[in-house]
Ligand SMILES: Nc1ncnc2c1ncn2[C@@H]1O[C@H](COP(=O)(O)OP(=O)(O)OP(=O)(O)O)[C@@H](O)[C@H]1O
Ligand SMILES: [Mg+2]
């Protein structure tokens with residue numbers, strides 16, 4: 020058999036065996052037969068002594084057979100070699116793995132049984148055992164007459180009465196199963212480590228990707244917020260430009276068209292008065308011109324009122340809102356109007372007043388056009404409210420319009436419609452918030468909260 024050593028000497032206290040001559044054989048008593056004059060008696064005694072010795076010898080043999088049986092039954096390979104490395108004993112498993120009968124192994128030199136090369140390899144261990152050390156090592160053995168095995172080897176030195184090492188016992192145990200289990204465990208833990216490393220790397224990659232995506236999203240959100248801000252600014256400018264344009268239009272209508280119509284009416288009156296005969300076509304035509312120019316003036320006046328609520332400039336917000344409600348013609352359309360307009364609206368600045376007026380105007384037009392409502396509740400009030408962000412209260416203009424009509428369409432409001440969008444922009448442009456939703460009891464609830472007072476629209 021050839022061997023590959025993988026371990027070292029086990030440094031334990033020396034194990035000493037019994038001195039020679041004090042073994043089992045020594046326990047057989049050697050009593051001398053008693054001396055007698057009678058030869059017949061002496062023969063009888065000698066026979067008795069002989070029978071007793073035979074019985075004792077048989078006992079020793081039986082004991083030896085028993086020990087042999089036990090050692091042969093061991094799964095381990097057991098042997099004993101003397102100082103010269105000749106086998107003195109080996110059990111059956113050892114002989115089998117050596118490919119010989121146990122009796123043949125006894126007396127053979129270790130180089131014959133193990134092979135020269137294997138003996139050279141284990142030589143350092145053998146030398147330690149012969150120096151009296153208890154040796155233990157592991158190795159992988161490529162047996163010629165059995166399966167390759169990982170084995171645990173122990174050399175137990177045997178001392179003589181002079182404390183010299185006489186030889187050593189060899190105990191070889193097959194540890195292939197333990198080794199394989201350990202190897203499988205090591206492999207599993209290496210696999211596990213590899214998987215954990217791979218998983219960690221993939222998580223890191225995912226994390227990096229998410230971070231990049233987050234950054235990109237934040238960038239996009241910022242760009243969107245900037246665009247939104249620009250759009251709101253644009254909408255505010257548009258609304259301001261619209262108001263200015265309406266003012267100019269009203270002035271033009273009032274100053275030019277209104278005066279021209281007044282002049283037409285005056286000249287028509289002169290013509291009518293100069294041709295007083297009722298048969299003449301002239302006074303009748305002049306009268307018609309006077310009537311038409313009067314109607315035209317009324318129409319233009321109405322348009323002017325819609326373009327720029329005069330009441331806002333002349334009477335203040337409360338009266339302007341009331342005239343807006345009156346002009347909407349809700350009651351004529353069968354809608355009961357419930358109005359509560361609070362005090363203190365006159366001091367609000369023009370931008371807020373126009374926003375409030377236009378909001379009410381659009382909301383009431385919507386009630387008339389879309390709601391099919393029986394009632395509309397209008398509430399306008401200026402009051403102090405606690406600010407969510409700090410402990411100071413702030414003054415807020417609240418405008419709410421509720422109706423009990425059919426409510427907003429289920430699929431949502433059409434995007435191409437402008438009325439509600441315009442209201443929203445107006446309210447946002449003065450720093451306010453707008454809520455439009457269906458009421459639980461049916462109909463639409465619309466409410467704007469606009470901050471007013473000093474510094475309300477600074478930022
Ligand atoms: N009080 C209401 N009751 C029921 N539906 C409403 C009411 N107010 C608005 N709506 C719904 O919301 C939609 C959008 O209103 P919005 O004022 O934006 O547009 P519009 O009135 O249809 O047109 P315009 O742009 O001329 O105002 C309306 O078309 C209508 O379907
Ligand atoms: Mg509308």
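Numbering (this note's numbering), first residue to last: 20 to 478.
Even for Gly, the Cβ is constructed at its ideal location relative to N, Cα and C.
(1) Under a three-way DSSP split, which group does residue 231 fall into?
(2) Out of curiosity, what's the CA-to-CA distance linking residue 96 and residue 131?
(3) Does ligand 1 have even one heavy atom less than 7 Å from the beta-carbon of residue 275?
(4) Taking 7 Å as the cut-off, is the C-beta of residue 320 nearer than that to any heavy atom in ligand 1?
(5) Considering only residues of the segment 43-118, which uninterrupted alpha helix (DSSP H) runs meet the minimum length of 4 residues and lie entirely inside it, listed in chain order?
(6) DSSP on residue 361, reduced to helix/strand/coil?
(7) Do residue 153 and residue 175 have their CB atoms nearer than 8 Å?
(8) Return yes when the C-beta of residue 388 is under 7 Å from any heavy atom of ligand 1, and no when it is not.
(9) What is the DSSP secondary structure of residue 459, reduced to helix, strand or coil?
(10) In this structure, how does DSSP classify residue 472 when only helix, strand and coil are distinguished?
(11) Given that a residue counts as buried once 16 or more other Cβ atoms are within 10 Å of its Cβ, and exposed if not, what is residue 158?
(12) Below 8 Å between beta carbons: does that hold for residue 403 and residue 417?
(13) How is residue 371 classed by DSSP in three states: helix, strand or coil?
(14) For residue 465, which residues of its own chain have a beta-carbon under 6 Å away from its beta-carbon, when the five flanking residues on both sides are left out?
(15) What residue range does the beta strand (DSSP E) around residue 156 cover?
(16) I'd like to know whether the C-beta atoms of residue 308 and residue 283 end up nearer to each other than 8 Å.
(17) In terms of alpha-carbon separation, which member of 461, 453 and 405 lies closest to residue 423?
(18) Using three-state DSSP, classify residue 277 as helix, strand or coil.
(19) With DSSP run on the structure shown, which of helix, strand or coil describes residue 402?
(20) Per DSSP, what kind of secondary structure is residue 128 in: helix, strand or coil?
(21) Could you tell me which of 354, 327 and 352 sits nearest to residue 342, measuring between CA atoms?
(22) Would you identify the three-state DSSP class for residue 355, choosing helix, strand or coil?
(23) Could you pull out every residue in the same chain whose Cβ sits closer than 6 Å to the Cβ of residue 90, ignoring the five residues on either side in sequence?
(24) For a quick check, are the C-beta atoms of residue 399 and residue 356 less than 8 Å apart?
(25) Run through DSSP, which three-state label would residue 221 get?
(26) Helix or strand or just coil, what does DSSP make of residue 419?
(27) The alpha helix (DSSP H) that contains residue 171, what's its start and end?
(28) Grouping DSSP H, G and I as helix and E and B as strand, with all else coil, what is residue 141?
(29) Does DSSP put residue 269 in a helix, a strand or coil?
(30) Could you work out which residue in 374, 362 and 271 is closest to residue 479 when comparing CA atoms only?
(31) For residue 467, name the three-state secondary structure that DSSP assigns.
(32) For residue 194 versus residue 167, is the C-beta distance shorter than 8 Å?
(33) What do you reckon, is the C-beta of residue 438 under 7 Å from a heavy atom of ligand 2?
(34) Measure the beta-carbon distance from residue 392 to residue 354 and round it to whole angstroms, keeping in mind my assumption that it falls under 8 Å.
(35) How about residue 451 and residue 437: do their beta carbons lie closer than 8 Å?
(36) Which of the three DSSP states is assigned to residue 248 in this structure?
Short version:
(1) Your numbering for residue 231 matches position 212 in the chain shown. Looking at residue 231 - three-state DSSP - the assignment turns out to be helix.
(2) Numbered from its first residue, the chain shown carries residue 96 at position 77. Numbered from its first residue, the chain shown carries residue 131 at position 112. The alpha-carbon atoms of residue 96 and residue 131 are separated by roughly 17 Å.
(3) Along the chain shown, read from residue 1 onward, the residue named residue 275 stands at position 256. Not so, every heavy atom of ligand 1 lies at least 7 Å from the Cβ.
(4) Position 301 of the chain shown, counted from the start, is the residue given in the question as residue 320. No, since every heavy atom of ligand 1 falls outside the 7 Å radius drawn around the Cβ of residue 320.
(5) 58-92 and 111-117
(6) Numbered from its first residue, the chain shown carries residue 361 at position 342. Reduced to three states, the DSSP call for residue 361 is coil.
(7) Taking the chain shown and counting its residues from 1, one reaches residue 153 at position 134. Taking the chain shown and counting its residues from 1, one reaches residue 175 at position 156. The criterion of a C-beta distance shorter than 8 Å is satisfied by residue 153 and residue 175.
(8) On the chain shown, position 369 is the one that residue 388 refers to. Shortest gap from the CB of residue 388 to any heavy atom of ligand 1: under 7 Å.
(9) Your numbering for residue 459 matches position 440 in the chain shown. DSSP places residue 459 in coil when its eight states are reduced to three.
(10) Counting from 1 along the chain shown, the entry for residue 472 is found at position 453. Three-state result, residue 472: coil.
(11) Residue numbering aside, residue 158 sits at position 139 when the chain shown is read from its first letter. So residue 158 ends up on the buried side.
(12) Residue numbering aside, residue 403 sits at position 384 when the chain shown is read from its first letter. Residue numbering aside, residue 417 sits at position 398 when the chain shown is read from its first letter. Not a contact, by the Cβ cut-off of 8 Å.
(13) The count along the chain shown starts at 1 and reaches residue 371 at position 352. Here residue 371 sits in helix by DSSP.
(14) By 1-based counting over the chain shown, the position of residue 465 is 446. Taken in chain order, the residues that qualify are 382, 420 and 455.
(15) For this step, residue 156 is matched to residue 137 along the chain shown. Here the beta strand (DSSP E) through residue 156 covers 154-161.
(16) As a first step, residue 308 is located in the chain shown; it is residue number 289 there, counting from the start. As a first step, residue 283 is located in the chain shown; it is residue number 264 there, counting from the start. In terms of Cβ geometry, residue 308 and residue 283 form a close pair [threshold 8 Å].
(17) Start at 1 with the first residue of the chain shown, and residue 423 comes out as number 404. Nearest C-alpha to residue 423: 461.
(18) Taking the chain shown and counting its residues from 1, the one referred to as residue 277 is at position 258. Reduced to three states, the DSSP call for residue 277 is helix.
(19) Taking the chain shown and counting its residues from 1, the one referred to as residue 402 is at position 383. DSSP, read as helix, strand or coil, puts residue 402 in strand.
(20) Looking up residue 128 in the chain shown gives position 109. Strand, per DSSP.
(21) Along the chain shown, one-based indexing puts residue 342 at 323. In this structure, 327 is the residue among 354, 327 and 352 with its C-alpha nearest to the C-alpha of residue 342.
(22) Here residue 355 is taken as the residue at index 336 of the chain shown, counted from 1. Strand at residue 355.
(23) Start at 1 with the first residue of the chain shown, and residue 90 comes out as number 71. Closer than 6 Å at the Cβ level, and outside the excluded window around residue 90, lie 97 and 110.
(24) The residue you call residue 399 lines up with position 380 of the chain shown. The residue you call residue 356 lines up with position 337 of the chain shown. For residue 399 and residue 356, no; Cβs fall outside 8 Å.
(25) The count along the chain shown starts at 1 and reaches residue 221 at position 202. Three-state DSSP puts residue 221 in a helix.
(26) As a first step, residue 419 is located in the chain shown; it is residue number 400 there, counting from the start. Strand.
(27) As a working note, residue 171 is residue 152 in the chain shown. That residue, residue 171, is in no alpha helix (DSSP H); its beta strand (DSSP E) goes 168-178.
(28) What you label residue 141 is simply residue 122 of the chain shown in a count that begins at 1. Residue state, collapsed to three classes: helix.
(29) Counting from one through the chain shown, the residue named residue 269 turns up at place 250. It is helical.
(30) The requested residue 479 does not occur in the structure, where the chain is confined to residues 20 to 478.
(31) On the chain shown, position 448 is the one that residue 467 refers to. If DSSP states are grouped into helix, strand and coil, residue 467 belongs with the strands.
(32) In the chain shown, residue 194 corresponds to position 175, counting from 1. In the chain shown, residue 167 corresponds to position 148, counting from 1. Contact flag unset, no.
(33) As a first step, residue 438 must be located in the chain shown, where it is residue number 419. Because some heavy atom of ligand 2 lies under 7 Å away, the Cβ of residue 438 counts as near it: yes.
(34) Position 373 of the chain shown holds residue 392. Position 335 of the chain shown holds residue 354. Between residue 354 and residue 392 the Cβ distance is about 6 Å, and since that is below 8 Å, they are a contact.
(35) The residue you call residue 451 lines up with position 432 of the chain shown. The residue you call residue 437 lines up with position 418 of the chain shown. Here residue 451 is not near residue 437, since their CB atoms are 8 Å or more apart.
(36) If you number the chain shown from 1, residue 248 lands on position 229. Correct three-state label for residue 248: helix.
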